[in-house]
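Position 50, counted from 1, in the sequence shown is what the numbering used here calls 113; the numbers after and before it change by one each time, with no gaps. Report on the following structure.
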Amino acid sequence: MNEEKMNNNRSNQDSDQELTREDVFKRLRRIEGQVKGLQRMLTEDKPCSEVLVQVAAVKAAMNKVGILIFQTHSKQCLENVLNGEKEKEIDNLMDLLNRFIK
């Protein structure tokens, strides 16, 4: 019974990671479209204020992608902590967090 529960948890985590992966790719494609739109705006000499609004939107979208990836990785690290790899995983997670927030 316990092994079955572990397998179900692993299956749920795999599907959660796949959903996150799909979401990340969807967001990246949207960002790609936004960047192409920015290029078009610059080519068409749109006002700087309009361009900067779109730059801010791209930055916010990229931050969201980073957060999604970080959340998924954090869950895996915490799972490893529970499986006994405490010190190493905590150090890895803290290093990653420091790089992400810079």
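Glycine included, every Cβ here is placed at the ideal spot set by N, Cα and C. Quick caveat: nothing in here was measured; it's all calculated off a predicted structure.
Using DSSP with H/G/I as helix, E/B as strand and the rest coil, what is residue i?
i, result
"Lys-167", "The requested residue 167 does not occur in the structure, where the chain is confined to residues 64 to 165."
"Asn-155", "helix"
"Asp-108", "coil"
"Gly-96", "helix"
"Asn-126", "helix"
"Asn-143", "helix"
"Glu-148", "coil"
"Glu-66", "Bear in mind that a pLDDT of 48 at Glu-66, under 50, signals an unreliable position, so the number given afterwards is only what the model happens to contain. Glu-66: helix per DSSP, three-state reduction."
"Glu-81", "helix"
What number of angstroms, rounded off, separates the C-alpha of residue i from the C-alpha of residue j?
i, j, result
"Ala-124", "Ile-94", "7 Å"
"Phe-163", "Glu-152", "16 Å"
"Lys-89", "Gln-97", "13 Å"
"Cys-8", "Lys-99", "Absent from the model: residue 8. The displayed extent of the chain is 64 to 165, so no value can be given."
"Met-104", "Asn-146", "51 Å"
"Val-116", "Val-87", "22 Å"
"Lys-68", "Gly-129", "Bear in mind that a pLDDT of 44 at Lys-68, under 50, signals an unreliable position, so the number given afterwards is only what the model happens to contain. Rounded to the nearest angstrom, the two C-alpha atoms are 31 Å apart."
"Asp-154", "Val-144", "11 Å"
"Glu-107", "Phe-133", "37 Å"
"Val-121", "Glu-85", "19 Å"
Within this structure, are the beta carbons of residue i and residue j separated by less than 9 Å?
i, j, result
"Thr-83", "Leu-141", "no"
"Leu-101", "Val-118", "yes"
Using 8 Å as the Cβ pair cut-off and three pairs as the minimum, do the region 133 to 142 and the region 155 to 162 touch? yes
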